[in-house]
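Visitor:
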Amino acid sequence: MTTRPDPGPGFREVIRLYTGPVSRVEPTERGFSADVTAVVSGGAGRFFVKAMRKRSDGWHEQLLREKVINPFVRTLAPELLWTAEDSEWVALGFESVEGRRTDFRLGSGDLSTVVELVNRIGELPLPEVARDWRETRWDWWADRGAPELFVGDTLLHADINPSNLLIGPDRCWVVDWAWPTRGAAFIDPAMMVLQFIGARHPPAVAESWAKGCPAWTEADPEAIDAFVVAYARLNRDRALRRPEEPWLEAMAVAAESWAAHRGLTIHYY
Ligand SMILES: Nc1ncnc2c1ncn2[C@@H]1O[C@H](COP(=O)(O)OP(=O)(O)O)[C@@H](O)[C@H]1O
Ligand SMILES: [Mg+2]
Numbered sequence: 001m002t003t004r005p006d007p008g009p010g011f012r013e014v015i016r017l018y019t020g021p022v023s024r025v026e027p028t029e030r031g032f033s034a035d036v037t038a039v040v041s042g043g044a045g046r047f048f049v050k051a052m053r054k055r056s057d058g059w060h061e062q063l064l065r066e067k068v069i070n071p072f073v074r075t076l077a078p079e080l081l082w083t084a085e086d087s088e089w090v091a092l093g094f095e096s097v098e099g100r101r102t103d104f105r106l107g108s109g110d111l112s113t114v115v116e117l118v119n120r121i122g123e124l125p126l127p128e129v130a131r132d133w134r135e136t137r138w139d140w141w142a143d144r145g146a147p148e149l150f151v152g153d154t155l156l157h158a159d160i161n162p163s164n165l166l167i168g169p170d171r172c173w174v175v176d177w178a179w180p181t182r183g184a185a186f187i188d189p190a191m192m193v194l195q196f197i198g199a200r201h202p203p204a205v206a207e208s209w210a211k212g213c214p215a216w217t218e219a220d221p222e223a224i225d226a227f228v229v230a231y232a233r234l235n236r237d238r239a240l241r242r243p244e245e246p247w248l249e250a251m252a253v254a255a256e257s258w259a260a261h262r263g264l265t266i267h268y269y
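Take 1 as the starting number for the sequence shown in this note's numbering and just add one per residue.
Rendered as C-alpha cells:
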C-alpha cells in the first residue's frame, strides 16, 4: 500500500450509488494508468475500484476496454460488478479479491504459476469485440516488414508483470485487462521472458521458462527475434525519455541483454 491523496468527495459521490456510504478507501500498490485504484469499503460491501477523471484527450476511455473485455476473461479476472460515471469521473467496480503479487525473481516459487497463468491467458478464445484491437505497440520499432510477424488471432493481455498476476489462498487471478489486444500468440510469453530477465534471470534461464508455453515453442524464432529487436528499441527510447525512472533503464538493459543472447544486433535510428 502506498499513500496517495484522497480522490475527494466527487469520487465518493459518483460511486456511492453502488458502494453505499464510503467508509474506507485503501489505495492499492501504485498503478501506472488510472487516477484511482483502491479497495473501497462501503455500506454495500468491499469493491476494487479503478477510476479516472475525464479528460479532454479521451485518455479515460481506456477504461472502456477493460469493461468490455471483462465478461470474456472471467475465468481469470475478478468480476466487473458496476460502472459509475458523471461529468468528472468514470469508475469501474470489481469484486475485491485477496491475492498477493507474484514474485518474478530468480529462484522464486511462483515462476511455474506465472507460466501456467500466461498459458491460460493464451487459451482464452478471441471474442468478437477484440477483433479490431490489433496489437500495434511494437510495430513502429520493428524492422521493415517485421510487424506482420506480430499479427495473430490470439487475445493478448499484453501487460504481463508481477502486480497483474495475483496469487490468492485458493486460486490465482489475472487483473488489469486495461489494454488487451489481438496479436501473435508468442507476445504474452515474450513479455514474461523480458520481465524475468528484468528480475535478474540470465536470458537463457528466462527463455527456458518460456519453453513451458506452447505459444512460445510453436512460434517462428524469427518472429521472436524481430519482436526482441523492436522491444529493445522501444525500451531504450522510454528510458532515454524518462531518465528519472531507473526501472525503465533496467528494462532497456534487460531487452538489450536478451537481444545479445539471441545474437541480434540492434541498430538505433
Ligand atoms: N479485483 C481486485 N481486488 C483486489 N485487488 C486488486 C484487484 N484488481 C487489482 N488489484 C490490485 O490493485 C493493483 C492495481 O490494479 P491494476 O488493475 O493492475 O491497475 P493499474 O493499471 O494501476 O496497474 C493490482 O496490482 C493489484 O494489486
Ligand atoms: Mg497493473
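Every residue, glycine too, gets a C-beta built ideally from N, C-alpha and C.
From a predicted model like this one, the values you see are computed outputs, not experimental measurements.
Quick one: is the Cβ of N161 within less than 6 Å of any heavy atom of ligand 1?
Guide: For the purposes of this step, residue 161 is identified with residue 161 of the sequence shown, where counting begins at 1. Outside the cutoff, so no.
Visitor: Looking at L126: is its Cβ nearer than 7 Å to the Cβ of D153?
Guide: Translated into the one-based positions of the sequence shown, residue 126 becomes position 126. Translated into the one-based positions of the sequence shown, residue 153 becomes position 153. Against a cut-off of 7 Å, the Cβ pair of D153 and L126 comes out as a contact.
Visitor: Looking at R185: is its Cβ nearer than 7 Å to the Cβ of G109?
Guide: Numbered from its first residue, the sequence shown carries residue 185 at position 185. Numbered from its first residue, the sequence shown carries residue 109 at position 109. The sequence shown places Ala at residue 185, not Arg. No, the Cβ-Cβ distance between A185 and G109 is not below 7 Å.
Visitor: Indicate, with yes or no, if ligand 1 has a heavy atom lying under 6 Å from the CB of D176.
Guide: One-based indexing of the sequence shown puts residue 176 at position 176. Correct: D176 has its Cβ closer than 6 Å to ligand 1.
Visitor: Please classify W177: does DSSP put it in a helix, a strand, or coil?
Guide: By one-based count along the sequence shown, residue 177 stands at place 177. Of the three classes helix, strand and coil, the one that applies to W177 here is coil, per DSSP.
Visitor: What is the C-beta distance between R233 and W141, in whole angstroms, given that I count them as a contact (C-beta under 8 Å)?
Guide: For the purposes of this step, residue 233 is identified with residue 233 of the sequence shown, where counting begins at 1. For the purposes of this step, residue 141 is identified with residue 141 of the sequence shown, where counting begins at 1. Yes, R233 and W141 are in contact; Cβ-Cβ is about 4 Å, under 8 Å.
Visitor: Considering only the beta carbon of each residue, do W89 and Y18 sit closer than 7 Å?
Guide: Here residue 89 is taken as the residue at index 89 of the sequence shown, counted from 1. Here residue 18 is taken as the residue at index 18 of the sequence shown, counted from 1. It is not a contact, given that the beta carbons lie outside the stated cut-off.
Visitor: Between the beta-carbon of P203 and the beta-carbon of S257, is there less than 7 Å?
Guide: Position 203 of the sequence shown holds residue 203. Position 257 of the sequence shown holds residue 257. Yes.
Visitor: From the DSSP output, read off the bridge partner residues of F94.
Guide: Locating residue 94 in the sequence shown gives position 94, counting from the first residue. DSSP, once it has assigned bridges, lists F48 and L80 as partnering F94.
Visitor: Quick check on H267: buried or exposed, where buried means 16 or more other Cβ atoms within 10 Å of its Cβ?
Guide: Translated into positions along the sequence shown, residue 267 becomes position 267. Counting Cβ neighbours within 10 Å, H267 comes out exposed, since fewer than 16 surround it.
Visitor: In the DSSP assignment, the alpha helix (DSSP H) including V115 goes from what residue to what residue?
Guide: As a first step, residue 115 is located in the sequence shown; it is residue number 115 there, counting from the start. Start and end: L111 to E123.
Visitor: Would you check if the region 89-103 and the region 47-58 touch, i.e. whether three or more CB-CB distances between them fall below 8 Å?
Guide: yes
Visitor: Taking L248 as part of the alpha helix (DSSP H), name the residues at either end of that continuous run.
Guide: Counting from 1 along the sequence shown, the entry for residue 248 is found at position 248. It spans P246 to H261 - the alpha helix (DSSP H) in which L248 sits, taken as one unbroken run.
Visitor: Let me make sure I understand the geometry here. Which of L64, A91 and A44 has the alpha-carbon closest to that of T37?
Guide: Here residue 37 is taken as the residue at index 37 of the sequence shown, counted from 1. In terms of CA proximity to T37, A91 leads the group L64, A91 and A44.
Visitor: Should F48 be listed as close to ligand 1, given that the test is whether its C-beta is under 6 Å from any heavy atom?
Guide: Here residue 48 refers to the residue found at position 48 when the sequence shown is read from its first residue. Checking every heavy atom of ligand 1 against the Cβ of F48, one is found closer than 6 Å.
Visitor: Please report the straight-line C-alpha distance between D86 and L106, rounded to a whole angstrom.
Guide: Walking along the sequence shown from the start, residue 86 turns up at place 86. Walking along the sequence shown from the start, residue 106 turns up at place 106. Distance between the alpha carbons of D86 and L106 is about 45 Å.
Visitor: Residues bridged to S33 by DSSP?
Guide: Taking the sequence shown and counting its residues from 1, one reaches residue 33 at position 33. In the DSSP output, where bridge partners are listed per residue, S33 has none listed.
Visitor: Following the continuous alpha helix (DSSP H) through L240, name the residue where it begins and the one where it ends.
Guide: As a working mapping, residue 240 is identified with position 240 in the sequence shown. L240: member of the alpha helix (DSSP H) spanning P221 to R241, first to last residue.
Visitor: In angstroms with no decimal places, state the Cα-to-Cα distance between F104 and L111.
Guide: Reading the sequence shown from its first residue, position 104 is the one you call residue 104. Reading the sequence shown from its first residue, position 111 is the one you call residue 111. So the alpha carbons of these two residues sit roughly 6 Å apart.
Visitor: Sorted by chain position, which residues of the same chain lie with C-beta nearer than 6 Å to S41's C-beta, five sequence neighbours on each side aside?
Guide: For the purposes of this step, residue 41 is taken as the residue at position 41 of the sequence shown. Only S23 and R24 meet the Cβ criterion.
Visitor: Going by C-alpha distance, which of A34, E218, M192 and T181 is nearest A206?
Guide: Position 206 of the sequence shown, counted from the first residue, corresponds to residue 206. Ranking the options by Cα distance to A206, first place goes to M192.
Visitor: On the DSSP bridge list, what partners appear for I167?
Guide: Along the sequence shown, one-based indexing puts residue 167 at 167. R100 and C172.
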